[in-house]
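Visitor:
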Amino acid sequence: MAVEKSDDLVALCKRRGFIFQSDEIYGGQKGLYTFGPMGVELKNNLKQAWWKTMVWQRDDVEGLDASILTSPNVLKYSGHESTFTDPLCDCKDCKSRWREDQLTDSTCPSCGSKNLTEARPFNLMFKTAIGPVDDGSSFAYLRPETAQQIFTNFKNVLDSTSRSIPFGIGQMGKSFRNEITPGKFIFRVREFEQMELEFFVKPGTDEEWFKYWVQARIDWWVEQGIKKENLEILEAPSNDLSHYSKATTDLLYKFPHGFEELEGIANRQDFDLGSHTKNQAEFDISADVMENKDSTTKLAVQDLETKKWYIPYCIEPSAGVERGVFALLNEAYKEEEVDGKTRVVLGLKPHLSPIKAAIIPLKRNNEDLVNQAKDIKNTLQKLGMGRVMLENSGNIGKSYRRHDEIGTPICITVDFETLEDKAVTVRDRDTMEQKRISISELASYYEKYFD
Numbered sequence: 118m119a120v121e122k123s124d125d126l127v128a129l130c131k132r133r134g135f136i137f138q139s140d141e142i143y144g145g146q147k148g149l150y151t152f153g154p155m156g157v158e159l160k161n162n163l164k165q166a167w168w169k170t171m172v173w174q175r176d177d178v179e180g181l182d183a184s185i186l187t188s189p190n191v192l193k194y195s196g197h198e199s200t201f202t203d204p205l206c207d208c209k210d211c212k213s214r215w216r217e218d219q220l221t222d223s224t225c226p227s228c229g230s231k232n233l234t235e236a237r238p239f240n241l242m243f244k245t246a247i248g249p250v251d252d253g254s255s256f257a258y259l260r261p262e263t264a265q266q267i268f269t270n271f272k273n274v275l276d277s278t279s280r281s282i283p284f285g286i287g288q289m290g291k292s293f294r295n296e297i298t299p300g301k302f303i304f305r306v307r308e309f310e311q312m313e314l315e316f317f318v319k320p321g322t323d324e325e326w327f328k329y330w331v332q333a334r335i336d337w338w339v340e341q342g343i344k345k346e347n348l349e350i351l352e353a354p355s356n357d358l359s360h361y362s363k364a365t366t367d368l369l370y371k372f373p374h375g376f377e378e379l380e381g382i383a384n385r386q387d388f389d390l391g392s393h394t395k396n397q398a399e400f401d402i403s404a405d406v407m408e409n410k411d412s413t414t415k416l417a418v419q420d421l422e423t424k425k426w427y428i429p430y431c432i433e434p435s436a437g438v439e440r441g442v443f444a445l446l447n448e449a450y451k452e453e454e455v456d457g458k459t460r461v462v463l464g465l466k467p468h469l470s471p472i473k474a475a476i477i478p479l480k481r482n483n484e485d486l487v488n489q490a491k492d493i494k495n496t497l498q499k500l501g502m503g504r505v506m507l508e509n510s511g512n513i514g515k516s517y518r519r520h521d522e523i524g525t526p527i528c529i530t531v532d533f534e535t536l537e538d539k540a541v542t543v544r545d546r547d548t549m550e551q552k553r554i555s556i557s558e559l560a561s562y563y564e565k566y567f568d
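Here our numbering is used: position 369 in the sequence shown is 486, and no number is missing along the way.
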């Protein structure tokens with residue numbers, strides 16, 4: 118059962134250390150969030166799952182970690198300086214500020230007034246000074262997406278890895294957008310992380326590859342625990358495409374506030390590599406690409422059969438980490454009646470769970486029990502499946518409840534019998550079934566659980 122109201126999820130996230138409002142002690146910063154002890158584990162596990170699938174398990178993708186500060190020239194020729202804007206309206210009565218597409222019948226959603234300013238373009242990019250003097254002559258942008266540094270490093274990756282088309286470059290990292298109206302919890306924020314792949318293909322094969330990546334990304338989200346019935350596919354109409362796109366398909370997820378974008382897959386054609394290429398006229402690229410007089414590099418490849426040079430097309434699956442975390446938390450949230458009481462459970466897939474196992478001594482601070490629990494914890498931790506926690510609370514019921522709420526798949530109780538029979542009690546999160554397992558067999562059981 119997904120949450121009916123986002124308030125339930127927000128409360129759980131704060132109570133159990135998943136997500137906090139940034140700078141909360143000073144009233145909080147709108148559109149900025151901090152991932153707490155459990156949230157950072159979940160977030161890292163999601164990113165690791167993406168990297169494992171998109172880079173490690175493929176023979177045609179390389180990774181990248183590029184700088185956040187971005188040259189104005191990069192974002193000039195990518196089109197961001199001129200097109201990366203939202204139409205902005207102000208309400209003259211209540212002074213609230215809105216994107217034009219948030220208005221119905223030119224009415225302020227806050228106070229109902231129709232006394233609004235004319236829409237004006239608002240650039241979403243953050244700018245910062247470079248160097249000791251802030252005189253406006255030397256500046257950079259905080260990148261609004263991770264994609265552009267992939268394109269500008271295309272030749273570096275190509276030359277250093279001897280890749281050939283088709284191949285991809287994957288990157289995860291921070292991006293920044295000065296959203297006019299951030300909100301809906303962590304759905305729309307000003308600082309976020311992206312998981313992006315730029316997959317370069319030969320022109321003429323792009324439509325086939327585009328279909329492949331749409332299906333591949335749907336399958337991946339289902340593997341992470343998203344139900345198919347909570348996903349929808351939206352193909353953007355031609356009049357609503359981004360300036361670089363030949364085709365775009367959005368994967369929509371049923372968030373508590375309704376279906377909205379979880380990931381987008383775009384056919385960016387040769388727009389980006391062409392835009393960053395010196396002497397573009399030598400190549401068959403679209404006429405609306407700005408002539409680049411600043412670039413020193415030709416981001417092109419040679420067809421080994423025809424010996425002709427061409428600029429590859431690019432298919433881009435792009436997902437936001439925060440939106441992914443939001444969707445997974447929403448999907449995993451369950452409330453169950455157990456012995457007349459409500460049990461809240463996060464039924465996360467084991468590989469995503471912040472804590473893989475909790476080791477619980479039956480009695481708090483009992484030296485023999487705690488030492489045995491530490492030995493088990495260290496043994497399981499060395500297996501490298503993820504974080505294992507020693508839960509030395511002394512209250513087995515509260516410990517079970519806490520770990521149900523943070524999604525821990527198994528709890529392992531060390532009791533006084535353990536000191537005699539060298540066995541422990543293992544409790545399953547989802548079924549609540551308990552079984553006695555020998556310590557000597559525990560590592561094998563634990564590894565099989567996460568296969």
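Every residue gets a Cβ at the ideal spot worked out from N, C-alpha and C, and that includes glycine.
Tell whether a beta-carbon distance below 9 angstroms holds between Y427 and A417.
Guide: Their beta carbons are under 9 angstroms apart, which means Y427 touches A417 by this criterion.
Visitor: Would you say L192 and Q146 are within 9 angstroms of each other, going by their C-beta atoms?
Guide: no
Visitor: For a quick check, are the C-beta atoms of E296 and G457 less than 9 angstroms apart?
Guide: Not in contact: E296 and G457 (Cβ atoms no closer than 9 angstroms).
Visitor: Are F443 and F271 touching if we call contact CB-CB under 9 angstroms?
Guide: no
Visitor: Relative to the alpha-carbon of H374, which residue among R305, F327 and T366 has its alpha-carbon at the smallest distance?
Guide: R305
Visitor: Between L486, K499, D492 and V505, which lies nearest to E537 when the distance is taken from Cα to Cα?
Guide: The residue with the shortest Cα to Cα distance from E537 is L486.
Visitor: Tell me where the beta strand (DSSP E) around D545 begins and ends.
Guide: A540 to D545
Visitor: Starting from K552, follow its DSSP beta bridges and name the residues at the other end.
Guide: V543
Visitor: How many Å lie between Y517 and Q489 at the Cα?
Guide: 19 angstroms
Visitor: Which of the three DSSP states is assigned to G300 in this structure?
Guide: strand
Visitor: Which residue's Cα is closest to the Cα of R260: P238, S277, H197 and I282?
Guide: H197
Visitor: Out of T548, P320, G381 and R385, which one is the CA nearest neighbour of V462?
Guide: T548
Visitor: Please state whether DSSP places I428 in a helix, a strand or coil.
Guide: coil
Visitor: Please go through the same chain and pick out, in chain order, the residues whose beta-carbon is closer than 6 angstroms to the beta-carbon of L129, but skip the five residues on each side of it.
Guide: A distance below 6 angstroms between beta-carbons, with the five flanking residues on each side excluded, links L129 to no residue of its chain.
Visitor: K319 and P354 look like a contact to me (Cβ under 8 angstroms); what is the Cβ gap, rounded to whole Å?
Guide: Not really, about 27 angstroms apart at Cβ, beyond 8 angstroms.
Visitor: Give me, in chain order, the residues of the same chain whose beta-carbon lies closer than 6 angstroms to that of W330; leave out the 5 immediate sequence neighbours on both sides.
Guide: I382, I432 and P434
Visitor: Is T366 closer than 9 angstroms to L390 when the C-beta atoms are compared?
Guide: no
Visitor: On the three-pair Cβ rule with 8 angstroms, is the stretch 333-343 touching the stretch 172-192?
Guide: no
Visitor: Use the C-beta contact count for T525: other C-beta atoms within 10 angstroms, 16 or more gives buried, fewer gives exposed.
Guide: buried
Visitor: Along the chain, which unbroken stretches of the alpha helix (DSSP H) at least 4 residues long are found entirely within the stretch 141-199?
Guide: Runs of the alpha helix (DSSP H) inside the stretch 141-199: 154-168 and 189-194.
Visitor: Residues in the same chain with beta-carbon distance under 8 angstroms from L181, minus the five sequence neighbours each way, listed in chain order, please.
Guide: Q266, I267, N270, V274, I286, G287 and Q288
Visitor: When the Cα atoms are used, what is the spatial distance from R385 to E313?
Guide: 13 angstroms
Visitor: By Cβ distance, which residues of its chain are closer than 8 angstroms to A236, with the 5 residues on each side in sequence left out?
Guide: So the list reads P204, L205, C206 and E217, once near-sequence residues are dropped.
Visitor: Assuming V438 contacts Q311 under a Cβ cut-off of 8 angstroms, what Cβ separation, rounded to an integer in Å, is found between them?
Guide: 7 angstroms
Visitor: Figure out for me which residue from N240, T234 and S213 has the closest Cα to the Cα of C228.
Guide: S213
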